[in-house]
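Participant: No gaps in the numbering here: position 99 of the sequence shown is 93 in my numbering, and each next residue is one more.
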Amino acid sequence: MGDLENDIELLVCTRCHLDGDSAEVPQRPGAALFSRLVDAGMDSVRVTPVECLSNCSRGCTIALRGASRWTYIYGGLKPDTDIATIIEGTRKYRSTPDGVVPWRERPEHFRKNCIARIPPLAAPAPNQGKI
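As structure tokens, then:
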């Protein structure tokens, strides 16, 4: 990596659980999701564990972010079935200059389970300073 403008980070909530899971499970699904994504070898993407993305009612949650890019938060992910979806969505996100993948080009799960879309830190607001 090293080129800050092109660095992409995939945040993975390791505390996430799935509906119906007991707090006593040996490994939380969020931690399993993180491990599987690391094992998948996400090229040119930094996969980072985080304690909580505060989306507890929507299953496993990830966030995609990068310098000068929109940040996207997605939920409802499962470690057993959604690794390929996350890899595909991350690859498409990385291929754009601003992180905005056209809606129809996003994986179906990303289209239906977007929790939030956050503008880049440096993005000027259209009515900045006006209330």
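The C-beta atom is built at its ideal place from N, Cα and C for all residues, glycine as well.
#1: For the stretch 75 to 89 against the stretch 19 to 26, are there 3 or more C-beta pairs whose distance is under 8 Å?
#2: How far does the alpha helix (DSSP H) with glutamate 82 in it extend, from its first residue to its last?
#3: Examine the ligand GTP and report whether any of its heavy atoms sits within less than 7 Å of the Cβ of proline 120.
#4: If you run the structure through DSSP and keep just helix, strand and coil, what is glutamate 45?
#5: For alanine 110, which of helix, strand or coil comes out of DSSP?
#6: Rounded to whole angstroms, what's the CA-CA distance from glycine 93 to proline 20? Just pull it up for me.
#7: Can you grab the Cα-Cα spacing for the pair valine 95 / arginine 88, in whole Å?
Facilitator: Looking at the atomic coordinates:
#1: no
#2: 77 to 88
#3: Of ligands this structure carries none, so the ligand GTP is not represented either.
#4: coil
#5: strand
#6: 35 Å
#7: 9 Å
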